[in-house]
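A short worksheet on the structure shown next.
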Amino acid sequence: MAPIVSRGFRGRRPADVDPARIPPGQYVTADFPVLSAGPTPDTALELWDFSIVGELDEPRGWTWEEFRALPSQEITRDIHCVTKWSKLGTVWRGVSVDTLLEGIQTAARFVTQYSDGGYTTNLPLEDVTGGKAWVVYAYAGQPLEPEHGGPARMLVPQHYFWKSAKWVRGLRLQSTDQPGFWETNGYHNYGDPWQQQRYAGD
Amino acid sequence: MAATALRGRLTWQLAELVEAVAETPRVKTIVFDVPGWPGHRAGQHVDVRLTAEDGYQAERSYSIASAPDGTRVALTVQRLDDGEVSPYLTDGLRPGDKIELRGPIGGYFVWEPSEGGPLMLVAGGSGIVPLMAMIRTRAAAGDDTETRLLYSSRSQDDVIYRDELERLSGNGLTVVHALTDSQPPGWTSYARRVDAEMLAEVAPSPG
Chain A
153 MAPIVSRGFR GRRPADVDPA RIPPGQYVTA DFPVLSAGPT PDTALELWDF SIVGELDEPR
213 GWTWEEFRAL PSQEITRDIH CVTKWSKLGT VWRGVSVDTL LEGIQTAARF VTQYSDGGYT
273 TNLPLEDVTG GKAWVVYAYA GQPLEPEHGG PARMLVPQHY FWKSAKWVRG LRLQSTDQPG
333 FWETNGYHNY GDPWQQQRYA GD
Chain B
3 MAATALRGRL TWQLAELVEA VAETPRVKTI VFDVPGWPGH RAGQHVDVRL TAEDGYQAER
63 SYSIASAPDG TRVALTVQRL DDGEVSPYLT DGLRPGDKIE LRGPIGGYFV WEPSEGGPLM
123 LVAGGSGIVP LMAMIRTRAA AGDDTETRLL YSSRSQDDVI YRDELERLSG NGLTVVHALT
183 DSQPPGWTSY ARRVDAEMLA EVAPSPG
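Chains as they are written, first to last, in the working numbering: chain A, 153 to 354; chain B, 3 to 209.
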């Protein structure tokens with residue numbers, strides 16, 4: 153159906169934002185809204201670890217100390233939430249997934265991020281490699297707040313932000329695609345904001 | 003939760019405003035007729051799309067306020083004075099005007115009487131809307147599932163659905179208000195923000 157004009161609606165396009173940076177249907181916010189499907193987990197750093205499991209010869213794991221000793225990057229990206237807010241130029245620090253997967257031989261074509269609290273989200277493996285995804289532990293120069301996914305969360309900014317799991321604890325490499333939490337609750341399996349892939353069928 | 007909450011592709015549908023009801027000075031319920039509406043479950047939401055004459059579009063998500071009722075879909079919208087969409091929905095729309103929406107969306111934060119209870123519902127301000135859909139669905143079904151609603155508002159004048167909540171109380175529904183900023187004379191309920199102690203006092207005891 154061709155869109156109909158809403159009588160008298162003009163919209164308020166922000167004057168200071170390049171419209172080419174805003175995916176369709178999104179609006180820019182200066183806030184950092186907090187959305188989650190359940191309570192905020194509270195995992196002590198001594199008990200925290202990060203694992204690569206699934207289709208690889210030998211699972212990999214890092215304690216918090218080991219993880220923090222890995223080479224890290226500062227990453228500045230625009231992020232887009234399926235609930236329609238976008239936040240531009242967010243600055244993070246963390247470890248590239250390329251670093252975590254270095255030297256791993258795998259036939260896996262898919263990856264599931266899994267988190268404290270049971271959250272999961274899935275992507276093709278090629279969408280988290282090649283400088284497209286990080287495990288981040290700092291935001292705007294400060295340790296990542298628990299409500300934003302701290303101590304560490306995924307950052308996969310080319311997808312809607314539910315594809316960047318909060319409280320992430322590992323990556324499971326898989327030969328078959330396993331839809332995650334929101335993907336089995338009506339949301340799109342791939343979630344490209346530029347294609348407006350919000351819901352199943354989009 | 004059912005993965006079948008969404009059947010096929012969610013297409014944009016025309017929705018015609020049939021009624022607008024002021025709930026508080028800043029909040030309105032807008033009722034649409036959506037031909038072909040497939041029905042919904044309490045707690046689901048819709049996406050709303052507005053299009054300006056030059057083709058510019060804005061989208062937002064709003065919770066559905068109404069229990070399933072044929073092709074009628076009610077949204078309750080709080081006007082944010084510097085907002086782009088909410089002032090148009092609350093003050094710009096006239097009966098007969100059409101907007102676009104698609105839905106129902108979401109299969110996680112939903113409740114139906116068949117799921118039973120007890121229910122502990124906690125809301126602040128306009129966060130009441132999806133919970134009201136549950137309370138209305140429960141009432142429409144004649145369901146008596148034990149339900150506690152703890153509802154925090156700034157003042158008595160900011161309480162959305164105040165009269166209806168009072169009317170629906172009983173039959174297993176208990177409504178407890180917290181007024182955070184100002185309270186009317188003789189106020190005996192909570193006069194602070196929701197906290198753990200309040201939750202413990204209001205929640206049904208386990209077992």
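Virtual Cβ for every residue (Gly too), placed ideally from N, Cα, C.
Starting from residue i, follow the alpha helix (DSSP H) in both directions and report where the run begins and ends.
i	result
Ile-174 (chain A)	From DSSP, Ile-174 (chain A) is part of no alpha helix (DSSP H); its letter is neither H nor E.
Pro-345 (chain A)	Here Pro-345 (chain A) belongs to no alpha helix (DSSP H), and DSSP marks it neither H nor E.
Glu-199 (chain B)	198–204
Thr-139 (chain B)	130–142
Glu-198 (chain A)	Segment: none, Glu-198 (chain A) is in no alpha helix (DSSP H) and carries neither H nor E.
Leu-323 (chain A)	No alpha helix (DSSP H) contains Leu-323 (chain A), which is instead part of the beta strand (DSSP E) from 320–326.
In three-state DSSP terms, what is residue i?
i	result
Ala-7 (chain B)	Because the pLDDT of Ala-7 (chain B) is 44, which lies under 50, any placement of that residue in the model is unreliable, and the question is left without a value.
Trp-214 (chain A)	strand
Phe-313 (chain A)	helix
His-340 (chain A)	coil
Trp-334 (chain A)	helix
Pro-295 (chain A)	strand
Thr-192 (chain A)	coil
Tyr-289 (chain A)	strand
Leu-12 (chain B)	coil
Gly-126 (chain B)	strand
Ser-65 (chain B)	strand
Asp-71 (chain B)	strand
Gly-58 (chain B)	Note on residue identity: the sequence assigns Tyr, not Gly, to residue 58 (chain B). Three-state DSSP puts Tyr-58 (chain B) in coil, outside helix and strand.
Leu-82 (chain B)	coil
Tyr-192 (chain B)	strand
Tyr-110 (chain B)	coil
Gly-94 (chain B)	helix
Ser-88 (chain B)	helix
Arg-159 (chain A)	coil
Leu-208 (chain A)	coil
Ser-203 (chain A)	strand
Leu-277 (chain A)	helix
Quick check on the DSSP output: the beta strand (DSSP E) that includes residue i runs from which residue to which?
i	result
Pro-106 (chain B)	100–107
Asp-18 (chain B)	A small correction: the amino acid at residue 18 (chain B) is Glu; Asp does not occupy that position in the sequence shown. Unbroken beta strand (DSSP E) run through Glu-18 (chain B): 15–26.
Asp-49 (chain B)	47–53
Asp-35 (chain B)	29–35
Glu-166 (chain B)	Per DSSP, Glu-166 (chain B) belongs to no beta strand (DSSP E); it is in the alpha helix (DSSP H), 164–170.
Tyr-153 (chain B)	149–155
His-300 (chain A)	Where His-300 (chain A) is concerned, there is no enclosing beta strand (DSSP E), given that its DSSP letter is neither H nor E.
His-179 (chain B)	175–181
Can you list, in chain order, the stretches of the beta strand (DSSP E) that have 3 or more residues and sit fully within the segment 226–275 of chain A? Complete beta strand (DSSP E) runs here, min 3: 237–248, 262–267.
On the three-pair Cβ rule with 8 Å, is the segment 343–353 of chain A touching the segment 301–314 of chain A? Cβ pair count under 8 Å is three or more, so yes.
Which of the residues in the segment 45–64 of chain B, read from start to end, lie with their CB under 9 Å from any CB of chain A? Of all residues in the segment 45–64 of chain B, Asp-49, Arg-51, Leu-52, Thr-53, Ala-54, Glu-55, Asp-56, Gly-57, Tyr-58, Gln-59, Ala-60, Glu-61, Arg-62, Ser-63 have a Cβ within less than 9 Å of some Cβ in chain A.
Which residues, taken in chain order from the segment 98–123 of chain B, show a beta carbon closer than 8 Å to some beta carbon of chain A? Using a CB distance below 8 Å, the part of the segment 98–123 of chain B facing chain A consists of Asp-99, Lys-100, Ile-101, Glu-102, Ile-107, Gly-108, Gly-109, Tyr-110, ordered along the chain.
Are three or more beta carbon pairs between the segment 222–230 of chain A and the segment 238–249 of chain A nearer than 8 Å? A contact exists between the segment 222–230 of chain A and the segment 238–249 of chain A.
Please confirm if the segment 186–201 of chain B is in contact with the segment 165–176 of chain B, defined as three or more CB-CB distances below 8 Å between the two stretches. When Cβ pairs closer than 8 Å are counted between the two stretches, the segment 186–201 of chain B is seen not to touch the segment 165–176 of chain B, the count staying below three.
Contact between the segment 30–43 of chain B and the segment 90–106 of chain B: three or more CB pairs below 8 Å? Yes, they touch.
What residues in the segment 128–142 of chain B have a beta carbon less than 7 Å from any beta carbon of chain A? Within the segment 128–142 of chain B, no residue has a Cβ that lies closer than 7 Å to any Cβ of chain A.
Of all the residues that make up the segment 161–174 of chain A, which are near chain B by a beta-carbon distance shorter than 8 Å? Result list: Phe-161, Arg-162, Gly-163, Arg-164, Arg-165.
Chain A contacts made by the segment 74–98 of chain B, where a contact means CB separation under 7 Å: Answer in chain order: Glu-86, Tyr-90, Gly-94.
Say whether the segment 161–176 of chain A touches the segment 68–81 of chain B, bearing in mind that this needs 3 or more beta-carbon pairs closer than 8 Å, one atom from each stretch. A contact is defined here as three or more CB-CB pairs under 8 Å, and the segment 161–176 of chain A fails this definition with respect to the segment 68–81 of chain B.
Chain A contacts made by the segment 23–44 of chain B, where a contact means CB separation under 8 Å: Against chain A - using a Cβ distance shorter than 8 Å - the segment 23–44 of chain B contributes no residues.
Count the C-beta pairs between the segment 209–217 of chain A and the segment 46–53 of chain B that are closer than 8 Å, then say yes if the count reaches three, no if not. Between the segment 209–217 of chain A and the segment 46–53 of chain B, the count of C-beta pairs closer than 8 Å stays below three; the two stretches do not touch.
Flag this pair as touching only if the segment 264–282 of chain A and the segment 315–334 of chain A have three or more C-beta atom pairs under 8 Å; answer yes or no. Yes: at least three Cβ pairs fall under 8 Å.
By the 9 Å beta-carbon criterion, what residues does the segment 172–191 of chain A contribute toward chain B? So the close ones are Pro-176, Gly-177, Gln-178, Tyr-179, Ala-189.
Residues of the segment 214–236 of chain A with a CB closer than 8 Å to any CB of chain B: list them in chain order, please. Listed by position, the residues of the segment 214–236 of chain A near chain B (Cβ gap below 8 Å) are Thr-235, Lys-236.
Say whether the segment 185–200 of chain A touches the segment 293–310 of chain A, bearing in mind that this needs 3 or more beta-carbon pairs closer than 8 Å, one atom from each stretch. The segment 185–200 of chain A vs the segment 293–310 of chain A: in contact.
Is there contact here, the segment 176–190 of chain B with the segment 147–156 of chain B, by at least three beta-carbon pairs under 8 Å? Segments in contact, yes.
Does the segment 122–131 of chain B touch the segment 160–168 of chain B, meaning 3 or more C-beta pairs lie closer than 8 Å? These segments touch.
Output needed in chain order: residues of the segment 319–353 of chain A with a Cβ under 7 Å from some Cβ in chain B. When C-beta distances to chain B are compared with 7 Å, the residues of the segment 319–353 of chain A below that value are Thr-336, Asn-337, Gly-338, Tyr-351, Ala-352, Gly-353, in chain order.
Beta carbons nearer than 9 Å to chain B: which residues of the segment 240–268 of chain A have them? Going along the segment 240–268 of chain A in chain order, one finds no residue with a Cβ nearer than 9 Å to chain B.
Could you please tell me which residues of the segment 10–21 of chain B, in chain order, have their CB closer than 9 Å to any CB of chain A? The residues in question are Gly-10, Arg-11, Leu-12, Thr-13, Trp-14, Gln-15, Leu-16.
Counting pairs of Cβ atoms below 8 Å between the segment 92–106 of chain B and the segment 11–29 of chain B, do you hit three or more? Segments in contact, yes.
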